[in-house]
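Participant:
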Amino acid sequence: MGSLLNLPCGRGPIGGLSVLETNESNKVTRVDTEYDADQIQVLEGLEAVRKRPGMYIGSTGERGLHHLVYEIVDNAVDEALAGFCDRIDVKIESGNIINVTDNGRGIPVGKEHKTGLPAVTVVYTVLHAGGKFGGGGYKVSSGLHGVGASVVNALSQWLEVKVVHDGKIYFQRFERGKVMTDLKIIGDAQPGQRGTNVRFQADPEIFRDTTVYKYEILQKRLREQAFLNAGVNIILTDERDAEHILSNQFCYEGGISSFVEFINKDKTPIHSDIIHFSAMAADGNANAEIAMQYTDAYNEMLLSFANDVHTTDGGTHVEGFKRALTRVMNSYAHQHNILKSSDDNLSGDDVREGLTAIISVKVKDAQFESQTKAKLGNTEIGTLVNSVVGEKLSTYLEEHPAVAKDIFDKALAASRARAAARRARDLVRRKSVLENASLPGKLADCQSREPESTEIYIVEGDSAGGSAKMGRDRKFQAILPLWGKMLNVEKARLDKVYGNEKLMPIVTALGTGIGEDFDLSKLRYGKIIIMADADVDGSHIRILLLTFFYRFMQPLVEEG
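As structure tokens, then:
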């Protein structure tokens with residue numbers, strides 16, 4: 040449909056709606072539809088969730104499927120945050136049934152005063168219901184919206200919940216969000232038994248791509264939760280293959296310091312100790328905890344969490360950390376004559392090169408930008424983290440001058456390399472302008488200029504490239520043979536990339552630029568296909584290319 044901007048407005052029929060559309064010949068046509076009270080829909084209960092599931096879990100693909108598990112586990116983690124739970128068991132049963140058990144207090148079973156229904160029923164059937172709103176049930180929680188349990192229920196073929204209260208086991212079953220059985224007592228609890236057990240099976244009517252869980256994805260998430268909650272025991276078991284049951288237990292007394300150590304286990308730290316500090320907000324409603332360590336790597340690894348939820352898009356806590364880190368490092372450098380008054384300040388990229396950092400904040404009233412909780416919005420948290428890092432990192436550097444020297448040697452080297460990369464980039468740009476031919480000489484381009492319908496094959500070697508050129512459809516298939524020595528970008532800075540004879544033709548052919556200059560809208564092809572030999576050398580080249588795309592053209596990977 041064409042843009043409606045600047046189109047002539049016509050008067051629609053009385054009581055109706057006039058919509059301007061463009062037909063195949065790009066001529067504007069009018070579509071008249073009745074628009075009155077009958078067109079207004081009210082979705083009751085959990086119908087809205089089933090109608091628009093992506094609004095609540097992000098997608099109905101693999102990512103959204105696993106998000107169902109996260110929502111239930113997050114509820115158990117809330118009990119851990121409140122100090123009432125120290126064990127969470129997650130099982131993948133035969134048929135991809137998920138079973139989550141915690142030893143927390145158990146969802147209340149008494150009558151909820153507004154609805155007159157048992158609290159368990161309300162939690163699983165009413166959006167924005169739970170113990171996270173009034174402030175009495177949880178001081179902090181990973182759910183702002185209070186829709187997690189009910190959303191999982193709505194998007195499940197069936198869901199069963201068992202709760203232990205007052206020595207009794209209560210049970211209720213739901214199907215596609217609707218109550219199938221009233222809450223009832225099904226037996227007596229064992230001595231000391233308590234908590235909540237939830238079993239559910241994702242609805243294939245919603246998750247049409249897949250309802251099969253990946254052990255590795257859940258393992259990564261649950262390991263993170265164990266790092267973020269020191270001392271909490273989280274066990275993941277995969278029972279789908281009775282002959283090969285997988286199980287992992289995660290429990291880390293060192294908390295996020297252990298997390299940094301885990302991430303850096305295959306890297307070379309430039310200082311042995313992990314820098315760790317935390318602080319509570321003056322009003323007691325928030326806590327910030329940071330653990331960090333520099334390595335000899337050329338990329339940063341910065342992970343942020345709010346109430347144990349991985350904020351993949353960052354937020355105010357990340358912004359506060361970055362601002363404070365850059366400020367503290369430059370202040371220290373000038374005070375100790377590492378930088379002269381005439382020198383340019385170190386950039387944020389310079390001071391974060393090789394840094395592994397975990398930022399974990401606990402907030403009483405966390406404000407996330409969506410139900411998937413990818414970005415934190417609390418402005419006061421940015422201020423808190425900024426203050427904590429500013430004060431405590433300054434003190435640490437003053438008290439550990441040897442560590443400070445190693446860190447600044449790294450940052451200064453990064454600054455010099457970044458300047459060299461700028462010069463190399465400018466040289467490449469000038470060369471392209473002077474030659475008036477920016478595409479690599481060995482690129483066999485396709486005839487089409489429509490990115491949506493084109494694809495480029497990156498082929499190792501001239502001989503293989505020749506074969507590919509012979510077999511291609513030149514209308515939409517481009518072939519780029521690679522030659523020369525492949526660079527391992529994991530061990531190289533940006534200036535080396537600009538000088539590499541194997542990688543720069545890829546950058547030029549794709550048209551997007553790299554690093555901070557990357558622009559996805561300039562991508563010349565809709566598909567990028569790597570063709571390498573099915574041997575050890577081919578596998579090595581494929582890995583190096585994928586590493587290059589991930590490190591310097593990451594949106595390509597993220598956008599598929």
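This note's numbering numbers the first residue of the sequence shown as 40 and each following residue consecutively.
Even glycine gets a Cβ: it sits at the ideal position worked out from N, Cα and C.
1) Below 8 Å on the Cβ atoms is my guess for VAL88 versus VAL190; work out the distance and round it to an integer in Å.
2) Only counting runs of 3 or more residues, tell me where the beta strand (DSSP E) segments fall wholly within the stretch 209 to 290, in order along the chain.
3) May I ask you to report which of helix, strand or coil DSSP gives VAL116?
4) Is DSSP giving THR140 helix, strand or coil here?
5) Going along the chain, which residues of its own chain have a beta-carbon closer than 6 Å to the beta-carbon of GLY216, five neighbours each way excluded?
6) Within this structure, are the beta carbons of LEU482 and ALA548 separated by less than 8 Å?
7) Does the contact criterion of 3 or more C-beta pairs under 8 Å hold for the stretch 385 to 395 versus the stretch 314 to 323?
8) Which of the three DSSP states, helix, strand or coil, is assigned to TYR496?
9) So, ASP389 versus ARG457, is the Cβ gap smaller than 8 Å?
10) Hey, quick one: how far does the alpha helix (DSSP H) through GLU300 stretch, first residue to last?
11) Using the C-alpha atoms, what's the distance from ALA158 back to VAL596?
12) Identify the residues that DSSP records as bridge partners of ARG126: which are they?
13) List the endpoints of the continuous beta strand (DSSP E) containing GLU199.
14) I'd like to confirm the pairing. Which residues does DSSP put opposite PRO520 in its beta bridges?
15) Taking only the alpha-carbon atoms, compute the straight-line gap between ARG581 and LYS530 and give it to the nearest angstrom.
16) Does DSSP classify PRO92 as helix, strand or coil?
17) From ALA336 to PRO308, what distance separates their C-alpha atoms?
18) Helix, strand or coil for GLY170 per DSSP?
19) For MET570, which residues does DSSP report across the bridge?
20) Out of curiosity, what's the CA-to-CA distance linking GLU278 and ILE568?
21) Since ALA158 is in the beta strand (DSSP E), which residue starts that stretch and which ends it?
22) Check the DSSP bridge columns for VAL402 and list the partner residues they point to.
23) Taking the C-alpha atoms as reference points, what is the distance between ALA441 and ALA115?
24) Flag this pair as yes or no: are the beta carbons of ASP273 and ILE127 separated by less than 8 Å?
25) Keeping to the same chain, check which residues put their C-beta closer than 6 Å to that of TYR589; ignore five residues upstream and five downstream.
26) Tell me the rounded alpha-carbon separation between GLN374 and ASN384.
27) Quick check on PRO440: does DSSP put it in helix, strand or coil?
28) Between the alpha carbons of ILE398 and THR422, how many angstroms are there, rounded?
29) Taking all protein chains shown into account, decide if PHE266 is buried (16 or more other Cβ within 10 angstroms of its Cβ) or exposed.
30) Would you please state the rounded distance, in angstroms, between the beta carbons of THR2 and LYS130? I believe it to be under 8 Å.
31) Tell me whether HIS310 sits in a helix, a strand or coil according to DSSP, three-state version.
32) With DSSP as the reference, label ARG581 as helix, strand or coil.
33) Could you name the residues of the same chain whose beta carbon sits closer than 7 Å to that of ASN338, not counting the 5 residues immediately before and after it, in chain order?
34) Tell me, to the nearest whole angstrom, how far the beta carbon of LEU285 is from that of VAL367; I am working on the premise that it is less than 8 Å.
35) Extract the residue ranges of the alpha helix (DSSP H) inside the stretch 526 to 560, only unbroken runs of 4 or more that lie entirely within it.
36) Flag this pair as yes or no: are the beta carbons of THR160 and GLN211 separated by less than 8 Å?
Facilitator: Concretely, from the data shown:
1) Counting from one through the sequence shown, the residue named residue 88 turns up at place 49. Counting from one through the sequence shown, the residue named residue 190 turns up at place 151. Rounded, the Cβ-Cβ distance is 5 Å, consistent with contact.
2) 223 to 227, 234 to 241, 272 to 277, 285 to 289
3) For the purposes of this step, residue 116 is identified with residue 77 of the sequence shown, where counting begins at 1. Looking at VAL116 - three-state DSSP - the assignment turns out to be helix.
4) Residue mapping note: residue 140 aligns to position 101 of the sequence shown, counting from 1. Residue state, collapsed to three classes: strand.
5) By 1-based counting over the sequence shown, the position of residue 216 is 177. The residues are LEU85, ASN192, ALA193.
6) The residue you call residue 482 lines up with position 443 of the sequence shown. The residue you call residue 548 lines up with position 509 of the sequence shown. It is a contact, given that the beta carbons lie within the stated cut-off.
7) no
8) If you number the sequence shown from 1, residue 496 lands on position 457. In the structure shown, TYR496 sits in a strand (DSSP, three-state: E or B).
9) Here residue 389 refers to the residue found at position 350 when the sequence shown is read from its first residue. Here residue 457 refers to the residue found at position 418 when the sequence shown is read from its first residue. Yes, these two residues count as a Cβ contact at 8 Å.
10) On the sequence shown, position 261 is the one that residue 300 refers to. Start and end: 294 to 302.
11) Locating residue 596 in the sequence shown gives position 557, where the first residue counts as 1. Locating residue 158 in the sequence shown gives position 119, where the first residue counts as 1. Each residue's Cα considered, the two are about 44 Å apart.
12) As a first step, residue 126 is located in the sequence shown; it is residue number 87 there, counting from the start. ARG126 pairs with ASN272.
13) Walking along the sequence shown from the start, residue 199 turns up at place 160. It spans 195 to 204 - the beta strand (DSSP E) in which GLU199 sits, taken as one unbroken run.
14) Your numbering for residue 520 matches position 481 in the sequence shown. For PRO520, which the question treats as bridged, DSSP gives the partners VAL498.
15) Residue mapping note: residue 581 aligns to position 542 of the sequence shown, counting from 1. Residue mapping note: residue 530 aligns to position 491 of the sequence shown, counting from 1. Whole-angstrom Cα-Cα distance: 16 Å.
16) Against the sequence shown, residue 92 aligns to sequence position 53. Coil at PRO92, not helix or strand.
17) Taking the sequence shown and counting its residues from 1, one reaches residue 336 at position 297. Taking the sequence shown and counting its residues from 1, one reaches residue 308 at position 269. Each residue's Cα considered, the two are about 9 Å apart.
18) As a working mapping, residue 170 is identified with position 131 in the sequence shown. With a pLDDT of 49 at GLY170, under the threshold of 50, the modelled position of this residue cannot be trusted, and the question is left open.
19) Mapped onto the sequence shown, residue 570 falls at position 531. Answer is VAL498, bridged to MET570.
20) For the purposes of this step, residue 278 is identified with residue 239 of the sequence shown, where counting begins at 1. For the purposes of this step, residue 568 is identified with residue 529 of the sequence shown, where counting begins at 1. Each residue's Cα considered, the two are about 36 Å apart.
21) Translated into the one-based positions of the sequence shown, residue 158 becomes position 119. Unbroken run through ALA158 is the alpha helix (DSSP H), 158 to 164; no beta strand (DSSP E).
22) Locating residue 402 in the sequence shown gives position 363, where the first residue counts as 1. DSSP output for VAL402 lists ALA325 as bridge partner(s).
23) Position 402 of the sequence shown, counted from the start, is the residue given in the question as residue 441. Position 76 of the sequence shown, counted from the start, is the residue given in the question as residue 115. One C-alpha to the other measures close to 43 Å.
24) Start at 1 with the first residue of the sequence shown, and residue 273 comes out as number 234. Start at 1 with the first residue of the sequence shown, and residue 127 comes out as number 88. Here the sequence assigns Ile to residue 273, which means Asp is not the residue at that position. Taking 8 Å as the Cβ cut-off, ILE273 and ILE127 qualify as a contacting pair.
25) The residue given as residue 589 occupies position 550 in the sequence shown. Answer for TYR589: VAL596, listed in chain order.
26) By 1-based counting over the sequence shown, the position of residue 374 is 335. By 1-based counting over the sequence shown, the position of residue 384 is 345. Going from the Cα of GLN374 to the Cα of ASN384 covers about 12 Å.
27) Along the sequence shown, read from residue 1 onward, the residue named residue 440 stands at position 401. It is helical.
28) Within the sequence shown, residue 398 is the residue found at index 359, counting from 1. Within the sequence shown, residue 422 is the residue found at index 383, counting from 1. Going by the C-alpha atoms only, they are around 14 Å apart.
29) Numbered from its first residue, the sequence shown carries residue 266 at position 227. Buried: at least 16 other Cβ atoms inside 10 Å.
30) Past the edges of the chain, shown from 40 to 599, lies residue 2, and the structure says nothing about it.
31) Position 271 of the sequence shown holds residue 310. It is coil, neither helix nor strand.
32) Here the question's residue 581 lines up with position 542 in the sequence shown. Here ARG581 sits in helix by DSSP.
33) Position 299 of the sequence shown, counting from 1, holds the residue named residue 338. Same-chain partners within the cutoff: ARG590.
34) For the purposes of this step, residue 285 is identified with residue 246 of the sequence shown, where counting begins at 1. For the purposes of this step, residue 367 is identified with residue 328 of the sequence shown, where counting begins at 1. Rounded, the Cβ-Cβ distance is 44 Å, inconsistent with contact.
35) 533 to 537, 543 to 549
36) Within the sequence shown, the letter at position 121 stands for residue 160. Within the sequence shown, the letter at position 172 stands for residue 211. In this structure, GLN211 lies closer than 8 Å to THR160 by Cβ.
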